[in-house]
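Right, one structure below, let's go through it.
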Amino acid sequence: MGAGDGARTEPGNAGKRSKKPGKAPKVPRGKFSVHFAHYKWLYLLLLPGVLYFAVFRYAPMYGVSIAFKDYVPFLGVNASPWVGFTHFQDFFSNPDFGRLLGNTLILAFLNLGVAFPLTIVLALLLNEVRLSILKRTVQTLVYIPHFLSWTIVASLSFLLFALDFGPLFLFINNVLGTDIDFLSDPAWFRPLIVLQEIWKNTGWGTIIFLAALATVDQDQYEAAIIDGAGRFRRVWHITLPGIRSTIIVMLILAIGQMLNTGFEQIYLMTNALNRDVADVFDTYVYFVGITQGAYSYSTAVGLFKSLVGIVLIFGTNALAKRFNQSGLF
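Numbering (the numbering used here), first residue to last: -3 to 325.
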């Protein structure tokens, strides 16, 4: 047998040998059954999330209709009579509406104007830490408070600021030379709420910004150092523009959640002395809907808050795109 004979390939195996190794087989388009069979394990991983949103997010939307009805529990949702926008009119004409709106917006703007920027600042500071063990230690310390419930946070606040024996109460009042009841004085309610929010969630909020900072081109920093740019100029001209799209997306989401001031936190810190400044939409829905049984009225209040949140998200997103910035969608 010659050398040429050994190089010949059998016709039956020619097609098999011509295939490229490692190339995934094509799934026919338009045939869901074939597509599902091919990616069945991925769909199985998706199933818990789909069930969660279907059961706990979408299914309860059926009950939103009671905002337009005079809901009677014994009659059920379907048999309860329609009343149109009566509950909304009652809410807008309620003397408490202005106070609730004002308290909610003040807390929302304080969180947006103080807590949100501090999250970015903390992420920038963590990004500048070069010693790996120190960075991991600091990150762990600022992440831990996020996993504490608001009940624990409120209990810690009571212990620290308690009248007559709280360590922070004693220290601050000795320095100022006057007695300040931080837990009951209405003037200190909002600063205390914002401080709790900063301590609990600022560290956790840095995760997304740290991930965005990791994508900034390092060559730009090296070029800026060669040009003589200091640390502040590098942050201002390279770092912040590099994570601008992430900041805008997070800002849009934060604005959309402005009216969700956090029921549990405020409820735990509310008492008879500070209630005038503590009442917000979330606590009002609880007191009126659960404790007084005004289910339709409280649902109307909650629906109003949700609709305002949707309008804020779409409006902020459109405004961001108008100025040639990346939006949420």
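Just so it is clear, CB atoms sit at the ideal spot from N, CA and C, and this is done for glycine as well.
Please classify T287 as buried or exposed, where buried requires at least 16 other C-beta atoms within 10 Å of its C-beta.
The residue is exposed, with fewer than 16 neighbouring Cβ atoms inside 10 Å.
Given K317, which residues of its chain have a CB within under 7 Å of its CB, disregarding the five upstream and five downstream residues?
Taking C-beta separations shorter than 7 Å and ignoring five residues to either side along the sequence, the partners of K317 in its chain run G323, following chain order.
DSSP-derived helix/strand/coil call for K65
Three-state result, K65: strand.
With a CB to CB cut of under 8 Å and the five nearest residues on each side skipped, what residues in its chain are close to T147?
So the qualifying residues of the chain are E260 and L264.
Among S302, N267 and G289, which has the Cα closest to the Cα of F277?
Of S302, N267 and G289, the residue nearest in Cα terms is S302.
Can you have a look at F205 and say buried or exposed, based on whether 16 or more other CB atoms are within 10 angstroms of its CB?
Buried, because 16 or more other Cβ atoms sit within 10 Å of the Cβ of F205.
Cβ contact (3+ pairs, closer than 8 Å) linking the region 44 to 54 and the region 266 to 285:
As far as the Cβ criterion goes, the region 44 to 54 does not touch the region 266 to 285, which means the pair count is below three.
Using the DSSP secondary-structure output, state which residues sit across from W78 in a beta bridge.
According to DSSP, W78 bridges with K65.
Pair within 8 Å by beta-carbon distance, F185 and F165
Not closer than 8 Å, so no.
Give the DSSP-derived three-state secondary structure of V46 in the structure shown.
Three-state result, V46: helix.
Sequence-distant residues of the same chain with beta carbon closer than 7 Å to S76, five excluded per side:
By the criterion of a C-beta distance shorter than 7 Å, S76 is surrounded in its chain by I62, K65, D66, Y67 and V68, once the five residues flanking it on both sides are discounted.
Supposed close pair Q253, G305 - CB separation, criterion 8 Å
The beta carbons of Q253 and G305 sit about 7 Å from each other, so the pair counts as a contact at 8 Å.
Measure the alpha-carbon distance for L40 versus Y54 and round it to whole angstroms.
Just so you know, the alpha carbons of L40 and Y54 end up roughly 20 Å apart.
My output table needs one value for N90: the three-state DSSP class, helix, strand or coil.
In the three-state scheme derived from DSSP, where H, G and I count as helix and E and B as strand, N90 is classed as coil.
Does A208 pass the burial test, meaning 16 or more other C-beta atoms within 10 Å, or should it be called exposed?
Counting of Cβ neighbours within 10 angstroms places A208 among the buried residues, the total reaching 16 or more.
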